[in-house]
Amino acid sequence: MKAAVFQGPGPIAWQDVPDPGIKDPADAIVRVDVVTICGTDLHILKGDVPEVTPGRVLGHEAVGTVVETGRDVRTVRPGDRVLISCISACGRCRFCREGRYGQCRGGGGWVLGHTIDGTQAEYVRVPFADLSVHPLPSAVDSFDAVLLADIFPTSYEVGVLNGGVRPADTVVVVGAGPIGLAAIATARLYSPGRIIAVDLAESRLAAARTLGADATATVGEGPEQLVEDLTEGLGADVVMEAVGVPEAFEMCTRMVRPGGRVANIGVHGKPAVLHLEDLWIKDVTITTGLVDTSSTPMLLRMMAAGRLPAAELVTHRFEPGQMEEAYDVFGRAADTGALKVALGAPQHTAVMATGSTAAG
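Going by the numbering used here, the sequence shown opens with residue 38, and the numbers climb by one from there.
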């Protein structure tokens, strides 16, 4: 099969690799129908995630069709159209029993495209399939559903829930890429008083306004002063970092009010300065986190009901074999205007199974 293979820092290669097979009775083999590229994949290509070694197939977000299952899999069968979660869960360890699947110590957590081969391929082996894939209703479009693999649960859990967004809060989201935009959309579920978006690109700020931001500012327009003016000098109740660079994190800590919360969502490859000389007296809470995806079933129900603005986030679609072009477009988002790119064949609205043969 073909797959996007990490060669070390630099571009990926779309090349031939061996087909995956069942290695554990809890595995499922899934034909990838729609796949996307994450900002974390770009961090990997920069060398920011040293656990990813050359030869690894990248990707941790996809929608596909089950073609084979191990003997212990009970919740899906060949022919089922499924969402592949970015997090795999053994279901037995202490953290999985607490619903903290991102911290799984039984062989799960973030493994796809990280410590085992991922989803940017024609087929993928998914471990712990019963807890790591979600059957999709036929009414949910595959190009929408793929956003539930990572960006919506990440933004909701690591940003909105960790940040403790409450009604009437002033919320600032620094970074209006896909994660930041999903954070804006899901923060609105809690009726904040205002949402302020900050980014380098005006095109992304325009998208932020479409998704519900009440005020926006580029970095050059003085976002810290804007927050001060809108809060009468108090600062924001919740500030979310959705970039993953030191300057963005440090800006967040300057914009939060005393007693406020800073929720870091971004993937950081370099150290950031924690200015405790200023923060020690402010009673500020700073949270970090890897998504658990425990919210995915709820978010899927919301999507099926038309309550999540998914379609606005996929700005570029490609055929499956255009992976290298898709990476180029996504990696140059400031020039291309890309928010989320997706690769896949035309949508199939239903999947039928006859015996063990999948058809879509």
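Think of the CB as a built atom: it goes at the ideal place given N, C-alpha and C, for glycine as much as any other residue.
As the structure is a prediction and not an experimental result, all values here were calculated from the model.
Over what stretch of residues does the beta strand (DSSP E) that includes ALA348 continue unbroken?
-> Element bounds for ALA348: n/a, residue is neither H nor E.
Taking the alpha-carbon positions, what's the ARG225 to GLY249 distance?
-> 7 Å
Inspect the beta-carbon positions of LEU242 and ALA234 and report whether they are closer than 7 Å.
-> yes
Coarse secondary structure for VAL103, derived from DSSP in three states | strand
What's the call for GLN52, buried or exposed, on a 16-neighbour Cβ count within 10 Å?
-> exposed
Neighbourhood of ASP372 by C-beta distance below 7 Å, restricted to the same chain and skipping five residues each side = none
VAL69 to PRO55, Cα distance in whole Å?
-> 15 Å
Euclidean distance between Cα positions of GLN285 and VAL72 = Here residue 285 is Ala; the residue named in the question, Gln, does not match the sequence. In a straight line, the C-alpha of ALA285 is about 29 Å away from that of VAL72.
ALA219 versus ALA279, TRP317, ARG291, GLU239, residue with shortest Cα-Cα distance = ALA279
Residue span of the alpha helix (DSSP H) that contains ALA244, given as start and end = 239-247
ASP117 beta carbon less than 7 Å from that of VAL103 | yes
Should HIS312 go down as buried or exposed, given a rule of 16 or more other Cβ atoms within 10 Å for buried?
-> exposed
Helix, strand or coil at VAL378 according to DSSP, with G and I counted as helix = strand
For GLU287, collect the residues of the same chain with a Cβ closer than 8 Å to its Cβ; drop the 5 residues on either side in sequence, then sort them by chain order.
-> ALA309, VAL310, HIS312
Between which two residues does the beta strand (DSSP E) carrying VAL264 extend?
-> Taken as a continuous stretch (DSSP letters only), VAL264 belongs to no beta strand (DSSP E), being part of the alpha helix (DSSP H) at 260-267.
Taking only runs of the alpha helix (DSSP H) that begin and end inside the stretch 134-180, which ones reach a length of at least 4 residues, in chain order?
-> 166-169
In the DSSP assignment, find the alpha helix (DSSP H) that holds MET292 and state where it starts and stops.
-> 283-292
Which residue or residues does DSSP assign as beta-bridge partners of ARG15?
-> Residue 15 is absent from the structure shown; the chain starts at 38 and stops at 397.
Buried or exposed by the 16-neighbour rule on C-beta atoms within 10 Å, applied to SER228 | exposed
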